[in-house]
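Taken in order, these protein sequences are the chains called A and B. If you read the first sequence in this note's numbering, its first letter stands for residue 238, the second for the next number, and so on. If you read the second sequence in this note's numbering, its first letter stands for residue 2, the second for the next number, and so on. What follows is a set of notes on a single structure, which appears directly below.
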Amino acid sequence: MSEFLMPSLGADMESAILMEWLVKEGDRVTNGQVIAEVETSKGVIEIEIFEDGIVEKLLVKEESECKVGEPLAIIASDEKKPLHVEEKHESKQPVVQETKEEQIVSEPPKPTALHVEQEARLKISPAARKRAGEMGVDLSKFDPKEGVVQLSKIEAASTTEQEEPTKIESKSDAHIEKNSGMRQAIAAAMSRSNAEIPHYYLSTSINMTPALKYLEELNKKRSIKDRILPVAILIRAVVLSLKEVPELNGFWQDNSHQISKEIHPGIAIALRKGGLITPALLNADIMTIDDTMNSLSDLITRTRGGKLRSSEMIAQTITITNLGDLGVESVYGVIYPPQLAIVGLGAIIDSPWAEGDSLCVRKVMRATLAGDHRATDGRTGGLFLDKLNSYLQNPKELL
Amino acid sequence: MDNTITYREAVREAIRKAMREDERVFLIGEDVGNYGGSYAVSRGLLDEFGRERIIDTPLSESAFTGAGIGAAMNGMRPIVEIMTVNFSLLALDQIINNAASMLHMSGGQFNVPLVIRMATGVGNQLGAQHSHSLEGWLSYIVGVKVLTPATVQDAYDMIGLALSDPDPVLVFENSLLYNSKGSLDTKSTPIPIGKALVHRPGKDITILTYGINLFKALEAAETLAKDGIDAEVIDLRSLRPLDDETIMKSVAKTHRVVIVDDGWKSGSISAEIMARINEQAFYELDAPMARVCTLEVPLPYAKHLEDAAIVQVDKIVDTTKKVMVQS
């Protein structure tokens with residue numbers, strides 16, 4: 238038996254509203270199954286379960302707000318499995334396994350309970366509590382270990398939460414309210430990034446003519462539905478380059494450089510209502526170009542429809558942002574912590590291009606890289622841009 | 002008329018004025034006549050008003066307080082003087098069981114328009130039987146009003162206010178203030194009973210006090226100002242009724258409170274004030290409230306022990322600073 242907890246769908250998330258249960262009590266669930274939809278500041282996200290079992294109890298009603306880590310449901314372990322084991326092995330073994338299982342289950346809640354008890358007792362002066370209520374300052378962000386929360390702390394905190402008046406004014410307009418939540422999430426992440434991460438920036442101009450010509454040839458043979466867009470080959474090129482320069486793919490956490498084996502690029506997708514989400518294109522490293530294209534279309538559709546999955550919100554190992562559709566020539570990104578880098582892709586525009594001794598007109602795109610200087614140096618970034626350029630000059634390799 | 006006189010003279014002038022204006026007013030107590038009052042407040046009044054209106058009594062607090070109550074119930078306006086607050090305990094039966102209860106017990110038929118003046122205060126090496134501040138304790142009594150004039154102006158005004166009140170009023174004159182000087186405006190309109198006064202506006206912390214400690218608190222506030230702490234000093238003036246409105250308004254402004262009281266801590270008026278702030282302005286507090294009171298000992302005679310036991314300016318400064326850095 239175990240508890241299914243509200244997952245953290247981003248470093249800045251504190252709570253979310255459980256919108257809909259997609260399972261009932263008594264349902265069997267399997268690893269990876271979407272069992273609920275939650276609404277965060279980033280929109281509605283489907284959350285998955287990562288174990289097999291039976292939903293024993295749903296602890297939380299729909300449309301209620303839950304904190305990260307709050308138990309949402311109790312999942313009973315699948316009872317059929319031990320039975321199978323019993324048939325196959327000696328009768329003692331399952332008993333041992335069962336106690337092991339019990340141990341695993343019974344141990345973690347203890348520290349959790351202690352943890353909660355310590356955190357619950359925040360010392361706050363009555364005046365500070367009252368002011369926090371008036372100003373809408375969230376008290377959960379104060380660390381009880383840092384002493385008594387007094388007026389001065391609340392006033393300091395409220396200056397960073399100045400969205401409040403807008404929220405009140407625009408209560409009638411649900412979209413704006415949603416966006417202000419998202420704006421806050423982006424604001425928090427980007428402020429943290431700029432404060433913590435020493436960025437270095439690199440830029441290179443890439444001749445896109447070979448890749449686009451190749452794509453044109455490829456698409457000629459395909460139905461409109463199956464055609465591949467330039468963005469797919471760009472993502473593909475980034476992913477393949479990362480395979481060769483893996484130092485940029487992963488996280489800077491606990492003061493150490495952690496390289497991720499899987500490549501889950503976060504794709505910056507603008508929402509029609511405004512705002513921006515960067516869901517992960519999961520396992521992009523093991524996709525073909527067709528998979529990449531299909532997955533990307535699916536991801537964009539679901540992002541704009543507010544149907545993202547929890548894993549897509551937390552797994553990003555690097556971010557790709559493309560402002561080409563707006564004609565922007567170069568974009569210098571801000572790294573989403575704790576990632577190590579962000580790749581910026583500009584518009585593909587007709588430019589004068591020197592080839593050998595002659596000057597010609599080519600489709601040129603400027604690719605940029607912002608890297609975390611704690612983890613890597615400009616040379617690593619340079620290697621990556623060089624690989625990216627080289628893949629785009631040899632588009633066949635992208636398939 | 003605007004002049005500078007002593008607190009003692011202000012009380013005397015107020016009594017003289019009342020006796021000239023109203024024939025029903027008379028003064029009764031030990032040594033008020035020939036001796037001129039143990040603190041010389043009534044000196045000269047015997048010559049002006051005669052033995053029928055300035056009445057010397059034997060050592061009999063219960064008897065002459067009782068006589069005052071009877072006279073008041075019969076239409077007179079007596080001023081009873083009790084030498085020190087310690088001796089008022091001998092008259093406590095009359096004060097509580099008769100003066101304070103009569104209006105209620107008579108179904109509203111008999112008011113007791115009695116004024117009892119007494120000297121109070123700690124210090125000056127007077128020993129445990131002559132040096133206490135029991136006004137907080139007497140303000141426990143339902144049915145009386147308790148006034149604690151600190152300034153010359155209040156010493157003058159409060160006698161008149163007390164005499165015009167239809168119910169028993171206890172006026173506590175701090176014996177250490179009798180020689181203090183201040184300007185007196187006899188033409189100004191007195192601030193009514195039950196109203197506290199902000200003596201020094203401030204934004205960081207509220208110091209609530211009354212009587213002689215008003216001056217210690219003001220001195221402390223000046224010291225604190227040098228350290229950048231802007232203290233608001235409030236003279237409560239009346240311990241019963243307390244001016245909740247002024248207190249809570251100030252707490253809502255400064256969010257921090259220190260109470261300075263000559264009484265012992267346990268069960269004192271400072272305890273009552275804290276309880277009221279808790280009831281009415283809990284959510285305005287940004288730090289626990291604190292008190293500077295007399296140590297819980299019978300007042301010592303020895304100077305250094307006495308100084309250690311009673312409220313001092315540096316104790317107010319230290320306590321205020323502690324409340325300011327609470328976190």
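Backbone N, C-alpha and C fix where the C-beta goes; we use that ideal spot for every residue, glycine too.
If the cut is a Cβ gap below 8 Å, which residues of chain A does residue i touch?
{"i": "B:F283", "result": "P363"}
{"i": "B:D287", "result": "S362, P363, A364, A365, Q387 and L388"}
Using a Cβ-Cβ distance under 7 Å, would residue i count as near chain E?
{"i": "A:Q387", "result": "The chain labelled as chain E is not found among the protein chains of the depicted structure, namely A and B."}
For residue i versus residue j, is the C-beta distance shorter than 7 Å?
{"i": "B:S271", "j": "B:R292", "result": "yes"}
{"i": "B:V86", "j": "B:E220", "result": "no"}
{"i": "A:V305", "j": "A:M243", "result": "yes"}
{"i": "A:K367", "j": "A:V385", "result": "no"}
{"i": "B:V259", "j": "B:I235", "result": "no"}
{"i": "B:S176", "j": "B:A120", "result": "yes"}
{"i": "A:I423", "j": "A:K279", "result": "no"}
{"i": "A:K624", "j": "A:S478", "result": "yes"}
{"i": "A:L635", "j": "A:I443", "result": "no"}
{"i": "B:G38", "j": "B:L47", "result": "no"}
{"i": "A:M427", "j": "A:V598", "result": "no"}
{"i": "B:V170", "j": "B:V81", "result": "no"}
{"i": "B:I194", "j": "B:S239", "result": "yes"}
{"i": "A:R603", "j": "A:E566", "result": "yes"}
{"i": "B:D228", "j": "A:Q387", "result": "no"}
{"i": "A:V476", "j": "A:I500", "result": "yes"}
{"i": "B:R118", "j": "B:V172", "result": "yes"}
{"i": "B:M84", "j": "B:V113", "result": "no"}
{"i": "B:G128", "j": "B:Y302", "result": "yes"}
{"i": "B:A15", "j": "B:I160", "result": "yes"}
{"i": "A:T554", "j": "A:G608", "result": "no"}
{"i": "B:F27", "j": "B:R54", "result": "yes"}
{"i": "B:A156", "j": "B:A11", "result": "yes"}
{"i": "B:L237", "j": "B:A197", "result": "yes"}
{"i": "A:E484", "j": "A:T605", "result": "no"}
{"i": "B:I311", "j": "B:V123", "result": "yes"}
{"i": "B:E31", "j": "B:T58", "result": "yes"}
{"i": "A:M524", "j": "A:I465", "result": "no"}
{"i": "B:A222", "j": "B:R201", "result": "yes"}
{"i": "B:G212", "j": "B:T149", "result": "yes"}
Which residues in chain A have a C-beta closer than 7 Å to the C-beta of residue i? List them in chain order.
{"i": "B:H335", "result": "Limits of chain B in this structure are 2 at one end and 328 at the other, which puts residue 335 of chain B out of reach."}
Whole-angstrom Cβ separation of residue i and residue j, contact assumed at under 8 Å?
{"i": "A:I272", "j": "A:I284", "result": "7 Å"}
{"i": "A:Y628", "j": "A:A474", "result": "4 Å"}
{"i": "B:I230", "j": "B:M77", "result": "Their Cβ separation, rounded to whole angstroms, is 50 Å, which puts B:I230 and B:M77 out of contact at 8 Å."}
{"i": "B:A218", "j": "B:I142", "result": "At roughly 26 Å, the Cβ-Cβ gap does not stay under 8 Å, so B:A218 and B:I142 are not in contact."}
{"i": "A:L518", "j": "A:I504", "result": "6 Å"}
{"i": "B:A232", "j": "B:D205", "result": "6 Å"}
{"i": "B:R257", "j": "B:T207", "result": "7 Å"}
{"i": "A:G564", "j": "A:L582", "result": "Not really, about 13 Å apart at Cβ, beyond 8 Å."}
{"i": "B:S102", "j": "B:G45", "result": "Actually they do not touch by this definition, with Cβ atoms about 36 Å apart."}
{"i": "A:T643", "j": "A:P516", "result": "Residue 643 of chain A cannot be examined here, being either before or after the span of chain A that is shown, 238 to 636."}
{"i": "A:E262", "j": "A:V292", "result": "5 Å"}
{"i": "A:I311", "j": "A:E276", "result": "No, A:I311 and A:E276 are not in contact; Cβ-Cβ is about 23 Å, not under 8 Å."}
Look up residue i in the DSSP assignment and give the residues it is bridged to.
{"i": "A:G564", "result": "Its beta-bridge partners do not exist; DSSP assigns none."}
{"i": "B:G280", "result": "The question names Gly, but residue 280 of chain B is Glu in the sequence shown. None, per the DSSP bridge assignment."}
{"i": "A:A507", "result": "A:L513"}
{"i": "A:Q576", "result": "A:F488"}
{"i": "B:D57", "result": "B:G30"}
{"i": "A:Y437", "result": "A:G608"}
{"i": "B:P167", "result": "Its beta-bridge partners do not exist; DSSP assigns none."}
{"i": "B:P299", "result": "Looking at the DSSP assignment, B:P299 forms no beta bridge with any residue, so it has no partner."}
{"i": "A:E302", "result": "A:I254"}
{"i": "B:M119", "result": "B:I83 and B:F173"}
{"i": "B:F65", "result": "DSSP output for B:F65 lists no bridge partner at all."}
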